[in-house]
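Asks: Here it is, the structure, as structure tokens.
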Amino acid sequence: MPYGSLREFLEKAEQEGRLLRIAEEVRLEPDVRTISCAAGRMTGGPVLLFEKVLGYPDKKIVMNVHGSWENHALTLDLPKNTPVREQFREIVKRWGRYPVPAKRVTSAPVKEVVLERDFSLFRELPLFRVNPMDGGFFLSKACAIARDPENPSNQNVGIYRIQVKDHDLLGIQLSAQHDLAAYLRSAERLDVPLRAAIAVSNDPIVPFVASSPLKFDDDEYAMMGAIRGAPVEVVSSEIGALDVPAGAEMIIEGEILRHHRAVEGPFAEYPGSYSSSMLQVEIRVDRITRRRDPILFENLYTGEPWGEIDYLQGLNTCATIYNQMKLDFPEIEAVNALYTHGYCTIIASRMRFGGFAKTLACRLLSTPHGITYPKLIIVVDANVDPFNLQQVIWALTTRFRPERDLALIPNAPASTLDPAHLIRGLGTKVIIDATTPVYPDIPMEDNISVDLPADTDFWIGEIQKRMQAKP
Amino acid sequence: MICPRCDDQRAAKIFDSPESGAWEIYRCPRCFFTWRSTEEDRVTRPELYDADFKLSEAKIREMIPKPPIVPPEGAASKPRY
Ligand SMILES: [Zn+2]
Chain Y
-8 MPYGSLREFL EKAEQEGRLL RIAEEVRLEP DVRTISCAAG RMTGGPVLLF
42 EKVLGYPDKK IVMNVHGSWE NHALTLDLPK NTPVREQFRE IVKRWGRYPV
92 PAKRVTSAPV KEVVLERDFS LFRELPLFRV NPMDGGFFLS KACAIARDPE
142 NPSNQNVGIY RIQVKDHDLL GIQLSAQHDL AAYLRSAERL DVPLRAAIAV
192 SNDPIVPFVA SSPLKFDDDE YAMMGAIRGA PVEVVSSEIG ALDVPAGAEM
242 IIEGEILRHH RAVEGPFAEY PGSYSSSMLQ VEIRVDRITR RRDPILFENL
292 YTGEPWGEID YLQGLNTCAT IYNQMKLDFP EIEAVNALYT HGYCTIIASR
342 MRFGGFAKTL ACRLLSTPHG ITYPKLIIVV DANVDPFNLQ QVIWALTTRF
392 RPERDLALIP NAPASTLDPA HLIRGLGTKV IIDATTPVYP DIPMEDNISV
442 DLPADTDFWI GEIQKRMQAK P
Chain E
835 MICPRCDDQR AAKIFDSPES GAWEIYRCPR CFFTWRSTEE DRVTRPELYD
885 ADFKLSEAKI REMIPKPPIV PPEGAASKPR Y
């Protein structure tokens, strides 16, 4: 059964032994960040529920919802020990069911309390500084919803970093390639109002899809329906008729301020470094709707990998790239873009002919995500599981011939967040062909590879099953 | 109150913890820095704030608007970068 809310997911996580309640009183800084960093960094970290927050008797904090492969599997309603490659396959399969449009409802728990004036975001949420040099208190996992002013049927749900700058003022970082930035360009050009709603603490599928690199006019809600296997319920915002997730803990509504930018950030990002402070967009908040207290505030710790963000923006990115490349090259078996949001991307594929690995690497570099993010591209044979780094390193050490299989593309577009840049936004792409050379390439001199016993994969599954069945 | 990040003298308390006496939140009207009274010294004390992260009126003036502001249609000016 898919989850209707974060609360329903937490119940399931607790039943499955994947929820850790922190009962003792915690300080917003540095306790919440420290414990959340630890849970995301360890292998198999649980979901965290901070039950007693110093200063906020009526609020609780939820962290690390996606922060391990076990948690990630549960968010998809899969058995918690589902291997990564199988989670990838399942996501690709469900992706194919798009679209499953949202179901509109007229009442929802998120409307239990409606605040129209004299509210304070500092009172409503137990905000905390995620990392010490962040420029303020950020919502790092909330989902912003807005409509295209030029085509209002086009609605976007995305995760943007949001800084709480005053009782009723937010800063939001919009990069030029984001849908919301395109809406803002239209709103500024036409000089018309642009509304935004921010959904805090959701069914984990909501941020999973909101952080996926979908196409501009794709409907995120219809993708959530496809991934969860049932329509997601939405309710109308108080102002501006935006569809907002009915299961959310809180919806913050406001107007994006046109022709105006103000200091925002910095904020620690997924490469494990701070982005710089810039003049960014602001939102004036004029409505808050929420559940009755005690409210749950879900946020995301970001810092040095690995952590929750690497899981959250992991397999959704892999599936998006895979689907785009598979259209042109059906030989592709799987894509692993998990490392630093795809800075290292591993492609597993059958080889059509010699040199084909370089063709695949170039196709990756022309996908929307691949234009900037990948700097290290490794291509392996189809029999190598790209999610298994032991196998990937085996391919690198026994298939890769540096004098023929290494290619560099200097001065290519790169992620602006890469701290190793010489010129921000430019970098060198490294392509490594770690596949077995095929005709007309020079074959390997010693073709003496050992075959895996035929039923090895079957027995891996069988041994796991028998081990789990043991009392 | 002095802003630990940009040294603006107009920073002020904007919020008291709902559970009274636990902490206060302060805010700078120039650089929008907010901080809690109970945070570590390198966050709350101007003289200990990391120089690489310090801001000033001049630094703010040099910042680039992101995304660029688009003027209303018909307005004479070009996009400001
Ligand atoms: Zn300041």
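Protein chains in written order, with the working numbering: chain Y, -8 to 462; chain E, 835 to 915. Where a beta carbon is used, it is the ideal one built from N, C-alpha and C, also for glycine. Quick caveat, the model's predicted, so the values are computed rather than measured.
Given that a residue counts as buried once 16 or more other Cβ atoms are within 10 Å of its Cβ, and exposed if not, what is Asp49(Y)?
Replies: For the purposes of this step, residue 49(Y) is taken as the residue at position 58 of the first sequence. Exposed: under 16 other Cβ atoms inside 10 Å.
Asks: Which residues in chain E have a C-beta closer than 8 Å to the C-beta of Phe128(Y)? List them in chain order.
Replies: For the purposes of this step, residue 128(Y) is identified with residue 137 of the first sequence, where counting begins at 1. Near Phe128(Y) (Cβ distances below 8 Å), the residues of chain E are Thr868.
Asks: Whole angstroms is fine: what's the gap from Ala4(Y)'s alpha carbon to Asn122(Y)'s?
Replies: Your numbering for residue 4(Y) matches position 13 in the first sequence. Your numbering for residue 122(Y) matches position 131 in the first sequence. C-alpha separation (whole angstroms): 27 Å.
Asks: Look at Gln154(Y) and Lys900(E) and say whether their C-beta atoms are less than 7 Å apart.
Replies: Sequence index remark: in the first sequence, residue 154(Y) carries index 163 (1-based). Sequence index remark: in the second sequence, residue 900(E) carries index 66 (1-based). Their beta carbons are not under 7 Å apart, which means Gln154(Y) does not touch Lys900(E) by this criterion.
Asks: With a threshold of 8 Å on Cβ separation, who are the neighbours of Pro365(Y) within its own chain once the five nearest residues in sequence on each side are excluded?
Replies: Position 374 of the first sequence, counted from the start, is the residue given in the question as residue 365(Y). The residues are Ala328, Gly333, Tyr334, Cys335, Thr336, Leu355, Leu356, Lys420.
Asks: What do you reckon, is the C-beta of Cys28(Y) under 6 Å from a heavy atom of ligand 1?
Replies: Numbered from its first residue, the first sequence carries residue 28(Y) at position 37. It does not: the Cβ of Cys28(Y) is nowhere closer than 6 Å to a heavy atom of ligand 1.
Asks: Suppose the cutoff is 6 Å on Cβ atoms and the five residues either side in sequence are ignored; what does the same chain contact list for Leu882(E) look like?
Replies: The residue given as residue 882(E) occupies position 48 in the second sequence. Cβ neighbours of Leu882(E) beyond the five flanking positions: Asp875, Arg876.
Asks: Given a cut-off of 7 Å, decide if Ala99(Y) and Ala237(Y) are closer than it, judged by their beta-carbon atoms.
Replies: Position 246 of the first sequence, counted from the start, is the residue given in the question as residue 237(Y). Position 108 of the first sequence, counted from the start, is the residue given in the question as residue 99(Y). Going by C-beta atoms, Ala237(Y) is nearer than 7 Å to Ala99(Y).
Asks: Return helix, strand or coil for Trp450(Y), following the three-state DSSP convention.
Replies: Start at 1 with the first residue of the first sequence, and residue 450(Y) comes out as number 459. Three-state result, Trp450(Y): helix.
Asks: Measure the C-alpha to C-alpha separation of Ile136(Y) and Ala188(Y) and round it to an integer number of angstroms.
Replies: Here residue 136(Y) corresponds to residue number 145 of the first sequence, with the count starting at 1. Here residue 188(Y) corresponds to residue number 197 of the first sequence, with the count starting at 1. C-alpha separation (whole angstroms): 5 Å.
Asks: With distances taken from CA atoms, which of Pro198(Y), Asn142(Y), Leu205(Y) is nearest His169(Y)?
Replies: Counting from 1 along the first sequence, the entry for residue 169(Y) is found at position 178. When only C-alpha atoms are compared, the closest one is Leu205(Y).
Asks: By a C-beta neighbour count over all protein chains shown, 10 Å radius and 16 as the cutoff for buried, is Gly908(E) buried or exposed?
Replies: Numbered from 1 along the second sequence, position 74 holds the residue referred to as residue 908(E). So Gly908(E) counts as exposed.
Asks: Among Gly35(Y), Val370(Y), Met316(Y), whose alpha-carbon lies nearest the alpha-carbon of Met342(Y)?
Replies: Residue mapping note: residue 342(Y) aligns to position 351 of the first sequence, counting from 1. The residue with the shortest Cα to Cα distance from Met342(Y) is Val370(Y).
Asks: Can you tell me which of the three DSSP states Val96(Y) falls into?
Replies: Taking the first residue of the first sequence as position 1, residue 96(Y) is located at position 105. If DSSP states are grouped into helix, strand and coil, Val96(Y) belongs with coil.
Asks: Determine which residues of the segment 43 to 67 of chain Y have a Cβ less than 8 Å from any Cβ of chain E, and write them out in chain order.
Replies: Within the segment 43 to 67 of chain Y, the qualifying residues are Leu45, Gly46, Tyr47, Pro48, Asp49.
Asks: Where in the segment 262 to 337 of chain Y do unbroken runs of the beta strand (DSSP E), each at least 3 residues long, occur, reported from the N-terminal end onward?
Replies: 269 to 281, 286 to 289, 323 to 330, all fully within the segment 262 to 337 of chain Y.
Asks: Quick one, are the C-beta atoms of Gly31(Y) and Gly298(Y) less than 7 Å apart?
Replies: Counting from 1 along the first sequence, the entry for residue 31(Y) is found at position 40. Counting from 1 along the first sequence, the entry for residue 298(Y) is found at position 307. Against a cut-off of 7 Å, the Cβ pair of Gly298(Y) and Gly31(Y) comes out as a contact.
Asks: Measuring only between beta-carbons, confirm whether Ala892(E) sits less than 7 Å from chain Y.
Replies: The count along the second sequence starts at 1 and reaches residue 892(E) at position 58. With 7 Å as the cut-off, Ala892(E) does not count as an interface residue toward chain Y.
Asks: Is DSSP giving Pro393(Y) helix, strand or coil here?
Replies: By one-based count along the first sequence, residue 393(Y) stands at place 402. Reduced to three states, the DSSP call for Pro393(Y) is helix.
Asks: So if I threshold CB-CB distances at 8 Å, which residues from the segment 164 to 195 of chain Y count as touching chain E?
Replies: Going along the segment 164 to 195 of chain Y in chain order, one finds Gln164, Leu165, Ser166, Ala167, Ala172, Leu175, Arg176, Glu179, Arg180, Leu181, Asp182 with a Cβ nearer than 8 Å to chain E.
Asks: What are the boundary residues of the beta strand (DSSP E) that includes Glu224(Y)?
Replies: Locating residue 224(Y) in the first sequence gives position 233, where the first residue counts as 1. It spans 224 to 227 - the beta strand (DSSP E) in which Glu224(Y) sits, taken as one unbroken run.
Asks: Which of the three DSSP states is assigned to Ser357(Y) in this structure?
Replies: Taking the first residue of the first sequence as position 1, residue 357(Y) is located at position 366. Of the three classes helix, strand and coil, the one that applies to Ser357(Y) here is coil, per DSSP.
Asks: Check whether the Cβ of Ile836(E) lies closer than 7 Å to any Cβ atom in chain Y.
Replies: Within the second sequence, residue 836(E) is the residue found at index 2, counting from 1. Output row for Ile836(E): interface = no.
Asks: For Pro257(Y), go through chain E and note every residue whose CB falls closer than 9 Å to its CB, in chain order.
Replies: Position 266 of the first sequence, counted from the start, is the residue given in the question as residue 257(Y). By Cβ distance, chain E contributes Phe887.
Asks: Three Cβ pairs or more, each shorter than 8 Å: is that satisfied between the segment 385 to 404 of chain Y and the segment 418 to 433 of chain Y?
Replies: Taking 8 Å as the limit for Cβ pairs, the verdict is that the segment 418 to 433 of chain Y does touch the segment 385 to 404 of chain Y.
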